[in-house]
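What follows is a single structure, written as structure tokens, with notes after it.
Residue numbers (the UniProt record's numbering): 1 to 960.
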């Protein structure tokens with residue numbers, strides 16, 4: 001990153017530098033300590049007074065330098081080693097320079113030169129050194145600038161020293177030409193020593209910008225981390241920092257820095273730079289197929305067609321084709337043809353079936369290998385062509401293959417009669433007419449008319465027969481409602497009865513027109529239909545509910561991949577390490593993202609496996625969002641990759657507003673990445689330290705409620721976090737707290753004592769429950785202990801738990817009953833919740849569901865946060881064993897009830913009153929549950945206090 005302007009190597013011969021006066025500096029040949037011939041400029045006029053000897057270089061073009069560096073190699077003799085010095089001996093000389101726009105030749109004026117510095121030797125030689133040929137070489141570098149003119153001279157002024165210049169090297173620093181992320185950056189010279197130079201890159205040939213590439217050139221001539229990148233065009237791939245065409249037999253259909261892909265099966269590309277591969281003859285690619293998919297062909301015909309005829313219906317079944325054409329999107333289509341014999345030549349003439357022929361479930365787009373065809377004609381020949389189709393069948397109609405089956409329908413009864421109407425009505429008779437069945441399936445021999453009084457409900461009915469499509473019923477009662485059904489008969493028997501038809505006779509002797517009676521009948525029929533439909537729906541819904549409730553729970557189970565069993569509606573955490581292939585867990589629970597959709601803006605930190613960056617995610621047809629990106633550094637092992645992706649396999653199973661959301665992973669290109677939502681305010685501990693004492697109590701409780709809600713969700717799923725701490729809680733711009741850090745291999749930051757090593761891994765001692773430290777027993781109860789520590793961290797605004805105590809001291813103190821004291825201004829209710837979370841017996845700790853409920857009550861009743869925890873009455877050693885506290889003498893029931901109402905369960909006591917000490921002393925834990933005190937710790941304390949109160953009224957104070 002340095003560029004040489006001029007070098008003085010005195011062994012190369014005379015340089016023609018100007019010496020003034022002429023008897024001052026001299027160009028002399030000699031040898032160095034290795035006896036290598038060298039040329040030097042020397043001066044040693046120490047025997048004379050008032051020395052002023054100048055040596056000037058040739059004119060040096062500045063080129064593009066803004067600032068230059070001068071490196072001097074020289075030797076200097078110690079004045080004390082020179083005997084009989086007459087003049088004034090010096091051990092320094094001056095370095096000067098002059099800027100000009102052109103070469104001034106031998107023109108020289110001392111007053112025009114500006115002094116750069118006085119050069120002194122770190123080591124000087126003596127007369128003895130000369131004899132031993134020990135050459136003590138000094139190296140000094142000086143900075144000159146900024147320079148503005150085309151060139152400059154350097155000058156060396158001797159004022160009475162014995163000095164020899166061995167070499168002069170003049171150079172400037174620059175960031176050299178380079179190519180990064182397929183963008184070229186030119187030689188760049190830093191402008192000054194205080195700022196970086198932003199340089200915009202140019203995409204290499206055959207590429208385009210995804211994001212404008214840029215880099216910064218440092219003052220030391222070094223390029224900093226590149227931002228943005230270019231993508232190779234379609235048909236080009238990245239090779240040796242350039243975009244080169246895809247070779248024949250390969251293709252690339254999109255922009256990006258991925259490699260060209262080999263043509264998929266049954267396709268080829270004969271030319272370089274192909275965007276896609278052409279299908280071989282009789283092979284095709286559907287419009288929606290990706291370029292990476294093999295070319296395919298239509299499937300062969302279905303096999304083993306079987307038909308089952310039932311009068312005028314037929315059930316068709318078949319087997320899958322032998323060859324699916326290389327595709328999975330197989331469907332089936334059934335074509336119906338009605339065939340007749342031509343008497344003239346005995347041939348068959350086929351035509352499409354009538355439109356009223358029904359296919360169940362449908363005629364085309366069938367996924368199953370069976371179909372039912374109904375409403376065919378009786379005694380008729382039909383041919384059914386069954387074709388297997390896939391995504392390319394429409395592209396090759398000439399390759400269509402199908403299986404055909406011919407059937408003849410049986411004799412069938414006629415279809416139901418329809419269109420019944422009243423023609424004329426009298427007091428004792430009614431005339432009716434109807435339409436012939438839509439499918440008579442033969443010659444209609446007669447019609448059967450069955451009718452009865454509506455009130456008698458078919459207990460007594462009358463049957464008549466008619467040859468035609470009309471009949472007159474006589475002998476009826478006046479002003480009476482009747483119900484009627486009609487069915488047709490052929491040689492095959494009776495058909496199905498018509499729908500029930502209702503009519504009424506007239507109250508008087510005159511006739512009623514059929515049109516008027518029909519209007520009335522329609523109104524009545526509509527009302528009856530609505531009532532029947534309502535009843536039917538009610539019965540159907542009730543039946544479904546009964547069936548659903550009666551099912552055994554085991555019958556509702558659903559099987560997922562890899563042999564894991566889940567219940568519908570209940571999500572259960574699955575350990576990704578139970579998968580034989582861990583990458584299967586990643587792809588089951590995490591969405592694979594295209595690296596081209598991710599733009600990295602800047603590096604914000606470093607993780608265990610690589611860098612942590614902020615950036616943006618742009619998915620097709622979705623709004624761009626800010627994301628956090630964890631990258632896996634190069635040179636990783638398979639185990640490191642599995643451990644890195646394990647966090648994504650875990651995170652991808654969670655969906656909760658207080659759990660960090662996984663956007664997806666990048667595993668099919670490098671670098672491997674985990675992409676999550678971006679939390680603007682970072683980790684909770686540092687955020688609280690930055691905003692010390694700036695939040696209200698309700699705001700802090702709201703943050704704690706969010707953390708507890710997230711942990712309740714994890715607990716319900718059966719996931720134990722093991723490392724719940726404020727550093728692993730992230731905060732967004734709306735102060736929403738989200739649980740994060742689900743990695744199985746954790747590294748504690750900035751704290752060499754942060755983990756207590758046991759057999760099996762590291763444990764964050766200050767946040768871990770005693771049983772988890774001693775026996776590695778991690779449960780949701782141990783997470784509840786950790787939540788108590790997080791609660792303490794939040795209320796102390798990010799203070800370090802247990803301060804500077806060592807890990808061993810923390811373990812010993814907690815085991816002996818030591819608990820953290822309440823933070824300053826901490827509400828008593830929250831400190832009581834902390835103590836409940838720190839119960840030594842894990843079964844006595846509150847569940848996260850209870851914690852959420854407690855915090856919800858505090859939010860609804862913010863006045864309860866005004867009573868702060870009292871630290872003055874606590875023992876000095878802070879051994880907060882509540883069994884050691886004494887209850888002072890209390891004279892009244894109110895004296896006892898007041899401190900009870902300051903506990904977290906005080907809301908349960910609101911409105912509770914007792915008539916005497918004898919009554920309250922008999923209160924049991926079951927009574928406390930009824931008034932809402934459900935946490936074991938407060939239950940025990942209250943019951944003990946009640947007993948103490950009873951004794952206190954008789955014998956004075958007793959320990960509780």
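Positions of the beta carbon are idealized from the N, C-alpha and C atoms, including for glycine.
Taking the straight line between their C-alpha atoms, what separation do you get for residue i and residue j?
i	j	result
residue 670	residue 625	22 Å
residue 806	residue 609	28 Å
residue 241	residue 650	37 Å
residue 370	residue 388	12 Å
residue 742	residue 599	24 Å
residue 640	residue 675	18 Å
residue 17	residue 205	48 Å
residue 69	residue 59	16 Å
residue 623	residue 737	24 Å
residue 848	residue 601	38 Å
residue 181	residue 317	59 Å
residue 80	residue 89	9 Å
residue 335	residue 292	34 Å
residue 595	residue 535	58 Å
residue 51	residue 21	10 Å
residue 348	residue 326	37 Å
residue 256	residue 263	18 Å
residue 868	residue 697	11 Å
residue 552	residue 712	Note that residue 552 scores 37 on pLDDT, short of 50, meaning its location in the model is unreliable; the coordinates nonetheless yield the value given after this. In a straight line, the C-alpha of residue 552 is about 28 Å away from that of residue 712.
residue 93	residue 27	17 Å
residue 307	residue 494	26 Å
residue 955	residue 821	Residue confidence is low: residue 955 scores 41 on pLDDT, short of 50, so the model does not pin down where it sits. Its coordinate-derived value is still stated next. The straight-line gap from Cα to Cα measures roughly 32 Å.
residue 177	residue 213	15 Å
Give the DSSP bridge partners of residue i, in chain order.
i	result
residue 295	According to DSSP, which records beta bridges pairwise, residue 295 is partnered with nothing at all.
residue 435	418
residue 450	463 and 485
residue 115	96
residue 158	53 and 93
residue 426	Beta-bridge pairing links residue 426 to no other residue.
residue 61	151
residue 625	617
residue 738	730
residue 522	According to DSSP, residue 522 bridges with nothing at all.
residue 77	125
Would residue i pass as a contact of residue j if the rule is Cβ separation under 8 Å?
i	j	result
residue 189	residue 66	yes
residue 793	residue 685	yes
residue 725	residue 767	yes
residue 672	residue 735	no
residue 360	residue 374	yes
residue 501	residue 430	no
residue 865	residue 855	no
residue 295	residue 267	yes
residue 232	residue 251	no
What first and last residue would you give for the beta strand (DSSP E) that runs through residue i?
i	result
residue 992	Nothing about residue 992 can be read from this structure; the chain reaches only from 1 to 960.
residue 37	37 to 43
residue 673	673 to 677
residue 236	236 to 239
residue 19	18 to 20
residue 824	Taken as a continuous stretch (DSSP letters only), residue 824 belongs to no beta strand (DSSP E), as it is neither H nor E.
residue 180	178 to 180
residue 167	163 to 173
residue 244	242 to 245
Note the first and the last residue of the continuous alpha helix (DSSP H) segment covering residue i.
i	result
residue 29	Segment 26 to 31 is the beta strand (DSSP E) holding residue 29; no alpha helix (DSSP H) there.
residue 684	684 to 690
residue 702	697 to 716
Compare the C-beta of residue i against all C-beta atoms of chain B and say whether one is closer than 8 Å.
i	result
residue 802	Annotation note: the requested chain B is absent from the structure, which comprises a single protein chain.
Suppose only complete runs of 3+ residues qualify. What are the beta strand (DSSP E) ranges in the stretch 584 to 609, listed by chain order?
598 to 606
Which full runs of the beta strand (DSSP E) of 3+ residues lie inside the UniProt domain "Fibronectin type-III" (298 to 412), going along the chain?
303 to 310, 313 to 319, 331 to 341, 348 to 352, 358 to 360, 370 to 374, 381 to 389 and 402 to 408
Every unbroken beta strand (DSSP E) within the stretch 753 to 819, with a cutoff of 3 residues, ordered by chain:
With a minimum length of 3 residues, the continuous beta strand (DSSP E) runs that stay inside the stretch 753 to 819 are 756 to 758 and 761 to 763.
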